[in-house]
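Structure first, then comments.
Numbering (the numbering used here), first residue to last: 729 to 1079.
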């Protein structure tokens, strides 16, 4: 009897020991797995938007990249110039774009043989379409439609004031894949004797800041002097700012009194047929230019001409003092997030 009781007691003790050991083993396993889950939850939060604000996209990118390696990875920043997706052309017989050239603007190169003769990069039958003085209601959209119908691209030199008047139009220019440069703040003759050196610099830099503000991103470091009046001091200055300067090969004279769509087309084609290639100067500010574009593009196509699009290797970095002065003049709130690109603030997540 005592042996039976002893066996029963031993069985009970053994069961308790086994149960306790099993509990300890699985508890230890669970504790080993816990830090992985906790570490994922406790990852460093992203910095507040205000801390990421900077005067331009390059500094914003640098601020994000400088975060400790142990922190959770940040989303890739938006590029300074939004990359436009290549869309299929609905017009099978479109003029299109024959090639795209990328310009390294280091040192301030000049283009357009009327004033700059160093870089002869166009081959026979190649043209570059350029437009000054916009953006402007009706007229700029008319130019954009004509270009879109032929699936081709141009280079737009925007006046700073006009950019602040109609930023939505200038953003449309960029959204359709065209290149956007600048054309001063108020289209004054920078070679005028009435202009001081500081006033000339202000006109240029404020113009760049205004276009940047309108676009919500940095423009191309491309500039055209109003009235093609090249100020010698600014030519040197652009070398230090790495801005490419543009003159022209073929002036459409679409700004002249009495200009008509027919005259504009004939002026351009007569000169182009003689030269065989070139940078064409037009104005999307002018009503007759938009009206002339369909016929001009048709003539270019019929004549076997090809369109070359010019893009910049880098974007232009505005100076903070001019960005701030522009915000003050326009009475825009100077919150730290004001200068952030729209794409970094508002994104479509469902459509």
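For every residue, glycine included, the Cβ atom is placed at its ideal position computed from N, Cα and C.
Predicted, not measured: the structure shown is a model, and the values here were computed from it.
Nearest-angstrom Cβ-Cβ length linking residue i and residue j, presumed shorter than 8 Å
i: residue 710; j: residue 970; result: There is no way to answer for residue 710, as the model of the chain reaches only from 729 to 1079.
i: residue 983; j: residue 1011; result: 6 Å
i: residue 1008; j: residue 857; result: 6 Å
i: residue 825; j: residue 1028; result: At roughly 12 Å, the Cβ-Cβ gap does not stay under 8 Å, so residue 825 and residue 1028 are not in contact.
i: residue 977; j: residue 943; result: Not a contact, Cβ separation roughly 27 Å.
i: residue 913; j: residue 882; result: Contact flag wrong, Cβ pair sits at about 22 Å.
i: residue 959; j: residue 939; result: Going by Cβ atoms, the distance from residue 959 to residue 939 rounds to 19 Å, so no, they are not a contact pair.
i: residue 937; j: residue 1057; result: 10 Å between Cβ atoms; not a contact.
i: residue 878; j: residue 823; result: 4 Å
i: residue 951; j: residue 909; result: 6 Å
i: residue 941; j: residue 892; result: 7 Å
Residue i to residue j span [Cα, whole Å]
i: residue 1060; j: residue 850; result: 43 Å
i: residue 864; j: residue 885; result: 12 Å
i: residue 862; j: residue 1013; result: 5 Å
i: residue 828; j: residue 1045; result: 23 Å
i: residue 873; j: residue 957; result: 30 Å
i: residue 1076; j: residue 903; result: 16 Å
i: residue 830; j: residue 837; result: 13 Å
i: residue 988; j: residue 1078; result: 46 Å
i: residue 906; j: residue 1039; result: 9 Å
i: residue 894; j: residue 967; result: 30 Å
i: residue 926; j: residue 972; result: 20 Å
i: residue 932; j: residue 911; result: 8 Å
i: residue 1074; j: residue 846; result: 44 Å
i: residue 999; j: residue 900; result: 31 Å
i: residue 961; j: residue 919; result: 9 Å
i: residue 965; j: residue 843; result: 17 Å
i: residue 995; j: residue 980; result: 6 Å
i: residue 1053; j: residue 915; result: 18 Å
i: residue 818; j: residue 1001; result: 29 Å
i: residue 816; j: residue 921; result: 50 Å
i: residue 821; j: residue 1072; result: 38 Å
Beta-bridge pairing of residue i - partner residues as DSSP gives them
i: residue 1037; result: 828
i: residue 923; result: Answer by DSSP bridge pairing: none, since residue 923 is not bridged.
i: residue 978; result: 1008
i: residue 839; result: 974
Endpoints, alpha helix (DSSP H) assigned at residue i
i: residue 857; result: Counting along the chain, residue 857 falls outside any alpha helix (DSSP H), though it belongs to the beta strand (DSSP E) covering 854-860.
i: residue 1016; result: 1015-1030
i: residue 1055; result: 1048-1057
i: residue 823; result: Segment: none, residue 823 is in no alpha helix (DSSP H) and carries neither H nor E.
i: residue 989; result: 989-1003
i: residue 966; result: 960-969
i: residue 984; result: Note, residue 984: premise wrong, no alpha helix (DSSP H); not H, not E.
i: residue 946; result: Note, residue 946: premise wrong, no alpha helix (DSSP H); not H, not E.
i: residue 873; result: 867-877
Contacts around residue i, its chain only, beta-carbon distance under 6 Å, and the 5 residues preceding and following it disregarded
i: residue 870; result: 1018
i: residue 1015; result: 867
i: residue 1033; result: 853, 855
i: residue 997; result: 1027
The beta strand (DSSP E) enclosing residue i, as first and last residue numbers
i: residue 908; result: 907-910
i: residue 951; result: 950-952
i: residue 850; result: Neither: residue 850 is in no beta strand (DSSP E) and is coded neither H nor E.
i: residue 886; result: 883-886
i: residue 726; result: Because residue 726 is not part of the residues shown, which for the chain are 729 to 1079, the question remains open.
i: residue 974; result: 972-974
Residues near residue i in its chain [Cβ-Cβ closer than 7 Å; skip 5 each side]
i: residue 832; result: 1041
i: residue 993; result: 1020, 1023, 1024, 1027
Cβ neighbours of residue i in the same chain (closer than 8 Å, five flanking residues each side left out)
i: residue 875; result: 857, 881, 882, 904, 906, 1021, 1025
i: residue 917; result: 923, 954, 955, 957
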